[in-house]
Ligand SMILES: Nc1ncnc2c1ncn2[C@@H]1O[C@H](COP(=O)(O)OP(=O)(O)OP(=O)(O)O)[C@@H](O)[C@H]1O
Ligand SMILES: [Mg+2]
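This is the structure:
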């Protein structure tokens, strides 16, 4: 069976700078993959290529067996890839519900139907009581959650989450972890970029580690946490798995 | 305001507008009221692109002028009814809008606005030098028999008042329908965060082109009405940057992206114009432009939500809250 997402030798250059080089990995249906690495390692760049915002300099991206590298974002979204943004980009002139409706309208052209689906999505992520509020009034944690809800409303097969746990309190991180788990339980695969290790380590089926544009490790969280190269490049001793 | 109170206020305003010229019979006042309705209609038309989609066009006179010239030329050369000419003008303006929108939408923000100024200036220059279109002299429409069929009314300006009112209502209705449609949501999304909109499957080009086509068609219908009312058009009056600015100003003053903002903006702007005319005398276009410029600066700096912002009282607060949250 072909995996949901198949990335092969993905390379992205900006002039002289190589942000991603020969990045190869796959993500299976309903899998949670963590994507970690130091600042500037190229994690967001991978997302931008996957979601159609960047045309890769080389390499291929196959989603459900079809090449999507170089397609525009709207075409990639239509095929079932949704994303959030590291720096939130909610529609501030709209209410919370309307934000999510923009996502829901992709699969449901009739506005009332889209509104009903948007409400469902808000219920799923626990933002329902904020539905009528202007989106700009939400707290940062809620805004990140709104972006996830909006992306979910497009009914994706693959969800790309870029640091949705950054800047959250410990209890908010726990809520976010729970949310990602429930998203996966719906059969939606997730690639999660995160610096918050307690947010990603417990839920990831697989961890991908980027350093200076290259993938230096790919494996289960336990193995990654004990990998000397990963510890040296990024984790430090702190996350070495207990008892290892 | 509750929905029912809103509907009641709307019906009351419509009734008031319908009986106004019967109560106020001074032709000068009636004429001012017609100008106000026409300005409001253009502002509402502009608002679809400039307000909802956030693509500030300073070239909408190109579409207004297209409407005026297409219907006038079709009626002068082929004897086509100006009513059909109005539809033809709307179609031609839509097509023209798509042709110029295609390249101009690649530009962002101020660059888009500047490109649209260039478009209207070029169109004006071309028509100025084009003899068969009347050149710089303009076109005098033949004095047809007064009546609804010919879209000419000699004895009283009153019919123009009701036609302008009907066109405004039509334009508002289109705007209302668009705002509640999928396209309306997409346009607002594009205005706020184009990249986020794309990530949700929204094609920027497709929806901006829809907005400009619709906006241009409605502005062109206003152009035909103008031509039939004045029975004279020339590039200076129908294809000018100052007319373009006025269309945007009406919306900005009243409140961009709101249904009735441009109507309020038109009322206020027309009052200011009439006032400045009384104060400074004459119809010197110089004072108009000074007033426009001053208003744009004042509203851009102090009241970006326009007069509607004061009325609803809701968005200015929301705006302030947003500013605090931004890093
Ligand atoms: N549009 C761009 N143009 C030029 N350089 C870019 C662009 N986007 C990213 N880069 C560069 O590519 C490199 C990788 O950036 P990227 O944002 O992918 O890192 P990241 O792993 O997401 O980092 P962080 O953890 O800080 O978010 C950086 O050196 C960055 O400056
Ligand atoms: Mg990043």
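Residue numbers (my numbering), protein chains in the order written: chain A, 1 to 244; chain B, 1001 to 1327. Glycine included, each C-beta is placed from N, C-alpha and C at the ideal position. Keep in mind it's a predicted model, so treat the numbers as computed, not measured.
Any non-hydrogen atom of ligand 1 within 7 Å of residue i CB
| i | result |
| --- | --- |
| residue 19(A) | yes |
| residue 217(A) | no |
| residue 16(A) | no |
| residue 233(A) | no |
| residue 1068(B) | no |
| residue 37(A) | yes |
| residue 41(A) | yes |
Boundaries (first-last residue) of the beta strand (DSSP E) holding residue i
| i | result |
| --- | --- |
| residue 216(A) | 214-219 |
| residue 1077(B) | From DSSP, residue 1077(B) is part of no beta strand (DSSP E) but of the alpha helix (DSSP H) over 1061-1078. |
| residue 253(A) | A query on residue 253(A) cannot be resolved here, the shown segment of chain A reaching from 1 to 244 and no further. |
| residue 206(A) | 206-211 |
| residue 191(A) | 189-193 |
| residue 1085(B) | Premise fails: residue 1085(B) lies in the alpha helix (DSSP H), 1082-1104, not in any beta strand (DSSP E). |
| residue 48(A) | Where residue 48(A) is concerned, there is no enclosing beta strand (DSSP E), although the alpha helix (DSSP H) it sits in stretches over 43-50. |
| residue 18(A) | 17-27 |
| residue 140(A) | Unbroken run through residue 140(A) is the alpha helix (DSSP H), 140-152; no beta strand (DSSP E). |
CA nearest to the CA of residue i, picked from the options
| i | options | result |
| --- | --- | --- |
| residue 1209(B) | 1028(B), 1049(B), 1025(B) and 1027(B) | 1049(B) |
| residue 1116(B) | 1127(B), 1301(B) and 1102(B) | 1102(B) |
| residue 1269(B) | 1307(B), 1060(B) and 1239(B) | 1307(B) |
| residue 151(A) | 183(A), 136(A) and 137(A) | 183(A) |
| residue 1275(B) | 1056(B), 1003(B) and 1029(B) | 1029(B) |
| residue 1053(B) | 1197(B), 1264(B) and 1087(B) | 1197(B) |
| residue 1178(B) | 1027(B), 1312(B) and 1045(B) | 1045(B) |
| residue 86(A) | 164(A), 228(A), 179(A) and 95(A) | 164(A) |
| residue 10(A) | 54(A), 39(A) and 29(A) | 54(A) |
| residue 1294(B) | 1273(B), 1310(B) and 1278(B) | 1273(B) |
| residue 180(A) | 31(A), 12(A), 17(A) and 13(A) | 31(A) |
| residue 1022(B) | 1162(B), 1260(B) and 1243(B) | 1162(B) |
| residue 1128(B) | 1106(B), 1069(B) and 1092(B) | 1069(B) |
| residue 1245(B) | 1043(B), 1025(B), 1037(B) and 1019(B) | 1043(B) |
| residue 1118(B) | 1131(B), 1262(B), 1201(B) and 1242(B) | 1242(B) |
Heavy atom of ligand 2 within 7 Å of residue i beta-carbon
| i | result |
| --- | --- |
| residue 26(A) | no |
| residue 270(A) | Chain A is shown only over 1 to 244; residue 270(A) falls outside these bounds and no answer can be derived. |
| residue 1195(B) | no |
| residue 1041(B) | no |
| residue 22(A) | no |
| residue 1192(B) | no |
| residue 1234(B) | no |
| residue 222(A) | no |
| residue 162(A) | yes |
| residue 86(A) | yes |
Enclosing alpha helix (DSSP H) for residue i [first to last residue]
| i | result |
| --- | --- |
| residue 1163(B) | 1158-1180 |
| residue 1312(B) | 1306-1312 |
| residue 98(A) | 96-104 |
| residue 1036(B) | 1027-1047 |
| residue 1212(B) | 1204-1230 |
| residue 1112(B) | 1110-1128 |
| residue 177(A) | 170-185 |
| residue 161(A) | Unbroken run through residue 161(A) is the beta strand (DSSP E), 158-162; no alpha helix (DSSP H). |
| residue 1013(B) | 1003-1023 |
Cutoff 8 Å: residue i Cβ touching any chain E Cβ
| i | result |
| --- | --- |
| residue 102(A) | This model lacks chain E altogether; the protein chains it does include are A and B. |
heavy atom of ligand 3 below 7 Å from residue i C-beta
| i | result |
| --- | --- |
| residue 1234(B) | Of the ligands this structure carries, namely ligand 1 and ligand 2, none is ligand 3. |
Short-range partners of chain B found in the region 164-186 of chain A, where Cβ spacing is below 7 Å: none
Segment contact, 8 Å Cβ cut-off, at least three pairs: the region 180-199 of chain A with the region 53-64 of chain A: In this structure the region 180-199 of chain A does not lie against the region 53-64 of chain A, because fewer than three pairs of beta carbons, one per stretch, are closer than 8 Å.
Three-pair Cβ contact test at 8 Å for the region 1238-1245 of chain B versus the region 1058-1078 of chain B: yes
Cβ contact (3+ pairs, closer than 8 Å) linking the region 1091-1108 of chain B and the region 1246-1259 of chain B: Contact between the region 1091-1108 of chain B and the region 1246-1259 of chain B is absent, because fewer than three Cβ pairs lie under 8 Å.
Residues of the region 1070-1090 of chain B whose Cβ lies closer than 9 Å to any Cβ of chain A, in chain order: none
Cβ contact (3+ pairs, closer than 8 Å) linking the region 20-35 of chain A and the region 76-89 of chain A: no
Any 3 or more C-beta pairs closer than 8 Å across the region 1168-1179 of chain B and the region 1140-1155 of chain B: Three or more Cβ pairs closer than 8 Å define a contact, and the region 1168-1179 of chain B falls short of that threshold against the region 1140-1155 of chain B.
Inter-stretch contact (C-beta, 8 Å, three-pair minimum) for the region 45-52 of chain A and the region 2-16 of chain A: By the Cβ rule, the region 45-52 of chain A counts as touching the region 2-16 of chain A, because three or more pairs are nearer than 8 Å.
Chain B contacts made by the region 65-79 of chain A, where a contact means CB separation under 9 Å: 72, 73, 74, 75, 76, 77 and 78
Near-chain B residues of the region 111-122 of chain A - C-beta to any C-beta below 9 Å: 111 and 114
Meets three-Cβ-pair contact criterion under 8 Å: the region 204-215 of chain A and the region 228-235 of chain A: yes
Validate contact between the region 1201-1221 of chain B and the region 1073-1084 of chain B using beta carbons, cut 8 Å, 3 pairs: no
Residues in the region 1035-1046 of chain B having any Cβ partner in chain A nearer than 9 Å: Listed by position, the residues of the region 1035-1046 of chain B near chain A (Cβ gap below 9 Å) amount to none.
Stretch-stretch touch, CB-based, cutoff 8 Å, three pairs: the region 1213-1222 of chain B with the region 1259-1269 of chain B: no
Where the region 1171-1202 of chain B meets chain A: residues whose CB sits under 8 Å from a CB there: 1180, 1181, 1182, 1185, 1186, 1188, 1189, 1191, 1192, 1193, 1195, 1196, 1197, 1198, 1199, 1200, 1201 and 1202
Three CB pairs or more closer than 8 Å across the region 1243-1253 of chain B and the region 1183-1196 of chain B: The answer is no - the region 1183-1196 of chain B does not touch the region 1243-1253 of chain B, with fewer than three Cβ pairs under 8 Å.
Any 3 or more C-beta pairs closer than 8 Å across the region 159-171 of chain A and the region 136-148 of chain A: yes
Inter-stretch contact (C-beta, 8 Å, three-pair minimum) for the region 127-136 of chain A and the region 154-161 of chain A: These segments do not touch.
Near-chain B residues of the region 34-49 of chain A - C-beta to any C-beta below 7 Å: none
Residues of the region 136-155 of chain A with Cβ closer than 7 Å to any Cβ of chain B, in chain order: Taking 7 Å as the Cβ-Cβ cut-off against chain B, the residues of the region 136-155 of chain A that qualify are 136, 137, 150 and 154.
Given 8 Å, three or more beta-carbon pairs between the region 1123-1139 of chain B and the region 1228-1235 of chain B: yes
Members of the region 188-211 of chain A that neighbour chain B once the beta carbon cut-off is set at 7 Å: Cβ contacts with chain B come from no residue of the region 188-211 of chain A.
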